[in-house]
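A.B. asks: Letter by letter, the sequence shown follows residues 4 to 964 in the numbering used here. Would you mind keeping the following structure in view while I ask a few things?
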Amino acid sequence: MNFGRKGIRDQQHSIVSGTTKWGKKISLISFELILIVCIGIAVIGVCAGIGVFRGIIDTAPEIGKINVTPTGYSTFVYDTEGNQTAKLVSTDSNRIPVTMDMIPENLAHAFVAIEDERFYQHNGIDIQGIFRAAYIGITSHDLSQGASTITQQLLKNNVFTGWTSENSDIAKIKRKVQEQYLAIQLEKTMSKEDILLNYMNTINLGSNTLGVQAASLRYFNKSVTNLTLSECAVIAGITQNPSRFNPITHPDKNAERRETVLKKMLKQGYISQIEFDEAMNDDVYARIQVADKETADNTINSYFVDALTNQLIDDLIDAGYNETQAYTLLYSGGLKIYSTQDPAIQSICDSVYMDESNYPEGTKYLLDYALTTIDSEGNPTNYSTEMMKSYFQQENKGFNMLFNSEEEADAAIETYKAAVVGPNDTIDGERKNLTPQPQVSLTIEDHTTGYVVAMVGGRGNKTASRTLNRATDTVRQPGSTFKVLSTYAPALDSAGLTLATVFNDAPFNYPDGRPVNNWYGESYRGLTSIRTAIEQSMNIIAVKTMTVITPQLAFDYLKNFGFTTLAENEEINGKIFTDVQLPTALGGLTHGVTNMELNAAYAAIANGGVYIKPKLYTKVVDHEGNTLLDNTNSDSTRILKESTAYLLTSAMQDVVTKGTGTAVNFGTTAIAGKTGTTSDENDVWFAGYTTYYTATTWAGYDNNVDLTTKAEQHLAKDMWRAVMSKIHENLPSTTFEKPASVVTATVCSRSGKSPIAGLCDGTLMTEYFEEGTAPSDSCNVHYSGILCQSDQHPATEQCPFKISGVFELIPPEPAALQAQSPGGSGSGNYTTSVDEAGNTVVTPSVTCHHTPEFMAQPNIQEILAQETSLIQQGIIYTGPAVGNANATPASPDSLNTTDPNAAPAETPAETPAPAETPAPAETPAPAENVQPAAEAAPAPEAAPAATPEEDNDDDEEEDDE
4 MNFGRKGIRD QQHSIVSGTT KWGKKISLIS FELILIVCIG IAVIGVCAGI GVFRGIIDTA
64 PEIGKINVTP TGYSTFVYDT EGNQTAKLVS TDSNRIPVTM DMIPENLAHA FVAIEDERFY
124 QHNGIDIQGI FRAAYIGITS HDLSQGASTI TQQLLKNNVF TGWTSENSDI AKIKRKVQEQ
184 YLAIQLEKTM SKEDILLNYM NTINLGSNTL GVQAASLRYF NKSVTNLTLS ECAVIAGITQ
244 NPSRFNPITH PDKNAERRET VLKKMLKQGY ISQIEFDEAM NDDVYARIQV ADKETADNTI
304 NSYFVDALTN QLIDDLIDAG YNETQAYTLL YSGGLKIYST QDPAIQSICD SVYMDESNYP
364 EGTKYLLDYA LTTIDSEGNP TNYSTEMMKS YFQQENKGFN MLFNSEEEAD AAIETYKAAV
424 VGPNDTIDGE RKNLTPQPQV SLTIEDHTTG YVVAMVGGRG NKTASRTLNR ATDTVRQPGS
484 TFKVLSTYAP ALDSAGLTLA TVFNDAPFNY PDGRPVNNWY GESYRGLTSI RTAIEQSMNI
544 IAVKTMTVIT PQLAFDYLKN FGFTTLAENE EINGKIFTDV QLPTALGGLT HGVTNMELNA
604 AYAAIANGGV YIKPKLYTKV VDHEGNTLLD NTNSDSTRIL KESTAYLLTS AMQDVVTKGT
664 GTAVNFGTTA IAGKTGTTSD ENDVWFAGYT TYYTATTWAG YDNNVDLTTK AEQHLAKDMW
724 RAVMSKIHEN LPSTTFEKPA SVVTATVCSR SGKSPIAGLC DGTLMTEYFE EGTAPSDSCN
784 VHYSGILCQS DQHPATEQCP FKISGVFELI PPEPAALQAQ SPGGSGSGNY TTSVDEAGNT
844 VVTPSVTCHH TPEFMAQPNI QEILAQETSL IQQGIIYTGP AVGNANATPA SPDSLNTTDP
904 NAAPAETPAE TPAPAETPAP AETPAPAENV QPAAEAAPAP EAAPAATPEE DNDDDEEEDD
964 E
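Rendered as structure tokens:
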């Protein structure tokens, strides 16, 4: 600085200079203006910040309306013994809630130590953590680092559930601010203990587990209550990154994290050094690997559980939920479902049906194949099973996707691929599924409750949940099992017929003129009772019976039996179809029936005529213990009189003891049931019951081809016996109890009417009847007169073999049957008149073969000598009688004869006495059994014309066992 004289003067001059003064004023003013602007900007910024903050706070959910309780829980299914049989979960629902008293203290401390060490001191937000997160965010531009407290994490997981889809820093900041605000508010209304409990029930702990209980079961196969300190540290260490710290897939990373958890617990005073050392020395990951093999969540639900879930969805919808709500509740509602499945019976079924030695040799495999290719321009082409089938059918019309082995199927696939995959194509996807054939299904029900106790929906490995269930999802033609339900049940129950009612097994046509065929070929068995028709599964008798009672009555009863797949004026491809038609008597339906519904119908008979809709569960409760569905109430309907049910049961006992179902008879208890076979043996059934259970078995090919071998055709009966014999091994032998409304009466087995002394003595039969329905009118079949000893027909005047005796004349057909009976009304066998005394005189129109023309043959003496020899041998001539349109004179070489112990051709097999009833006295010997042959029963007809569209065979076969 210049302190000379000149310098001092210069300074004085500058001080008093006006220019200098104005410069300083301007500078001061500028500074003040800048300061004011800065303060203004700051104030505006603060106000704006406050406004933004208030805006964020104002848009936050109201604390009184939020729910931090987790909403997705696993649903569990239990059998009748309380065993867990299935766990139903959807995304974000594999959670099992627990209460605080179940949580080990070490687990709660582990989470606090690693996730929020000041949890018990802060008011919902951690100020120190906020500054730390802010510093990291500013310096590294990484806003993923947070100071989230356990309270904030709880809010993030249960309130701000969309945080995983945040795509901007602004959105993250907004959510953080709201989180912190609500955390403070939440801690004013909820205790620390409840916040921590909800947190531990909420968090994602890897391997599709949510909450500590699900994680404990998954990783250690035990309840959270029993976790050790070491195991608690493993689970607490997962939280930060469930994938990276998964103890199964990344045990090394989890081990590092576990050590950090234990060190923090030691530092914060939750554990001692000794406890720390013991936990660190624990070989916990070896146990986890063992538990992983036991608890790996790759379980495929059984056919029973598949059917159960379908029934539950329907019942929840009926209870008022919509379909989406029902599915959400079932798979995320934490329900406890108490099923009707009996584990012991289901185990028997599984062991029998999984044993390949119980199936016929030569198992075939049905191929389901799909292929997708991409051409050089990126265009995809899809190839289906049907396209592959069509390709091979160009050279082999009978190609049906069935193969004798997997290798054979693979070879066909390679051939097909070589034909359809171009040189520049690439294979984008391929699916192959081979299913063993023939397939099977089974339903077993406790008919007294309607509870389905076991189910099998198919054969072979079940590869996924909710696949095709042949017990509930597949409709197949029921064959002769329908005769009892559609025809004989209504006939006995309300149409005035009885088990003794007789029809003539003779040619009979459908309304369109097509003949009804018996399974045993073109022969006929003549007069036959309903009991015998059930026992021998006779088709013509069934169709005649339905004709008399009307198809509409039959259809009404079938609806009462619970069938939901019947057609009534249903339009299909422009045509109208109905099951209100005669082919329904033989099981010829538009669609078919399911195993479970057919079984339930037979269960109604077993239950004394009371139908109960089949039930797969008893009760459903939510995760808080509230009952949502109660299925224990008896939702039952009487559809048959108790007497009718017993009469049907009695007749079906004969099916098992002497009819078409003897193969199922395991002999330790009373069994009633009915066989069923459809067109060309496409389907075979047995539906039957004991006093304990009703069971129905089915077998057939999924693609509806024929069962060709005897072993395949008997498969349903063989499997029924195999299962039911084991189920009944330790059950007391029982019989079906006859109700007081059923009485016995003696009738003539050939007419079903009251016997006439001296005429019906050889055909007496004791039969069961509903009280008041025993016949009072007299036999109209037996008459006394002069017979031909050779052919047993009424003798002509020229007959050389006349003897006095009793003969049979076929009575006229009921009026409802006459139009469809090719032989007319049946009254052509005789004429009646009234003599002067008022007595009815019967004049036979069918006589023996000894007509004047017959007796005029040149070699008549030779013929008569042969007949005499046959008479001496006891052999009956069976040539055509006079009055038969086909009657022609016989020559010695054309004499037809039959065994002396056999009845005439039109005579049916002996009508048996009902169970527990003495056999009839002097009953004629039964006719020889005719060898079985195919029968064609019409299938559905189009309404209103009621014309059958196609045949539905019912090929029953007498057992040779």
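Each residue gets a CB set at the ideal place from its N, CA and C atoms; glycine is no exception.
#1: Using the C-alpha atoms, what's the distance from Pro518 back to Tyr3?
#2: If you reduce the DSSP assignment to three classes, tell me which class Ser476 lands in.
#3: Could you check whether the Cβ of Thr501 sits closer than 7 Å to any heavy atom belonging to the ligand ATP?
#4: With a CB to CB cut of under 8 Å and the five nearest residues on each side skipped, what residues in its chain are close to Phe669?
#5: Quick check on this structure: which residue in Gln396, Asn707, Tyr372 has the alpha carbon closest to the alpha carbon of Thr388?
#6: Tell me, please, which residues DSSP counts as bridged to Val613.
#7: Restricting to Cα atoms, I'd like to know which of Thr451, Thr484, Glu278 is closest to Thr635.
#8: Between Lys756 and Ala536, what straight-line distance do the alpha-carbon atoms span, to the nearest angstrom?
#9: Below 6 Å CB to CB, which residues in the same chain sit around Ala89 once its five sequence neighbours on both sides are set aside?
#10: Run the CB neighbour count on Gln181, radius 10 Å, all protein chains shown included, and call it buried at 16 or more, exposed below.
#11: Whose C-alpha, out of Thr466, Arg473, Val215, Met203, is nearest the C-alpha of Gln442?
#12: Pull up the DSSP beta-bridge partners for Met458, would you.
#13: To test your reading of the DSSP string, which unbroken alpha helix (DSSP H) runs of 4 or more residues are found completely within the segment 265-347?
#14: Contact defined as beta carbons within less than 8 Å: I believe Leu620 pairs with Thr302. What is the distance between those atoms, to the nearest angstrom?
#15: Thr484 by DSSP, collapsed to three states: which one?
#16: Got a sec, what are the start and stop residues for the beta strand (DSSP E) Trp522 sits in?
#17: Does the Cβ-Cβ distance between Asp559 and Glu571 come in under 8 Å?
#18: DSSP has Ile29 in a bridge; who is on the other side?
#19: Is it the case that the Cβ atoms of Glu118 and Ile153 are separated by a distance below 8 Å?
#20: Taking 7 Å as the limit between beta carbons, can you name the residues of its chain near Ile348, skipping five residues before and five after?
#21: Beta-carbon within less than 7 Å of Ser639's beta-carbon, same chain only, minus the 5 sequence neighbours each way: which residues are those?
#22: Rounded to whole angstroms, what is the Cα-Cα separation between Tyr880 and Ile813?
#23: Fully enclosed by the segment 712-782, which alpha helix (DSSP H) runs are 4 residues long or longer?
#24: Alpha carbon to alpha carbon, how far is Thr490 from Thr548? Give it in angstroms, no decimals.
#25: Considering just the uninterrupted stretch of the alpha helix (DSSP H) at Ala570, what are its terminal residues?
#26: For Asp625 and Ile340, I'd like the C-alpha separation in whole angstroms.
#27: Looking only at DSSP bridge pairs, what is Thr699 linked to?
#28: Could you please give the first and the last residue of the uninterrupted beta strand (DSSP E) stretch that includes Glu811?
#29: Assuming Met768 and Val750 form a contact by the criterion Cβ under 8 Å, report the distance between their Cβ atoms to the nearest whole angstrom.
#30: Please classify Ile608: does DSSP put it in a helix, a strand, or coil?
#31: Take Glu811 as the anchor and find which of Ser824, Ile759, Thr776 has the nearest alpha-carbon.
#32: Under 6 Å Cβ to Cβ from Lys465, same chain only, skipping five residues before and after it: list those, please.
#33: Are the Cβ atoms of Ala294 and Asn229 separated by less than 8 Å?
#34: Using the C-alpha atoms, what's the distance from Thr102 back to Gly995?
#35: Between Ala606 and Tyr692, what straight-line distance do the alpha-carbon atoms span, to the nearest angstrom?
#36: Between the segment 864-873 and the segment 790-805, can you find at least three pairs of beta-carbon atoms closer than 8 Å?
C.D. replies: A quick look at the data gives this:
#1: Because residue 3 is not part of the residues shown, which for the chain are 4 to 964, the question remains open.
#2: According to the sequence provided, residue 476 is Asp. The question's Ser does not apply to it. DSSP places Asp476 in coil when its eight states are reduced to three.
#3: The ligand ATP is not part of the structure shown, which contains no ligands of any sort.
#4: Arg724, Met727, Ser728, His731
#5: Tyr372
#6: Arg641
#7: Thr451
#8: 17 Å
#9: Val80, Asn304, Val308
#10: buried
#11: Arg473
#12: Thr446
#13: 276-283, 287-298, 306-321, 326-335
#14: According to the sequence displayed, residue 620 carries Tyr and not Leu. Incorrect: roughly 19 Å between the Cβ atoms, too far for contact.
#15: helix
#16: Element bounds for Trp522: n/a, residue is neither H nor E.
#17: no
#18: Its beta-bridge partners do not exist; DSSP assigns none.
#19: yes
#20: Ile447, Val456, Ala457, Ile730
#21: Val613, Tyr614, Ile615
#22: 19 Å
#23: 713-716, 718-730
#24: 7 Å
#25: Premise fails: Ala570 is in no alpha helix (DSSP H) and is neither H nor E.
#26: 9 Å
#27: Thr446, Ala690
#28: 805-811
#29: 6 Å
#30: helix
#31: Ile759
#32: Ile303
#33: no
#34: Here the chain has residues from 4 to 964 only, and residue 995 is not among them.
#35: 7 Å
#36: yes
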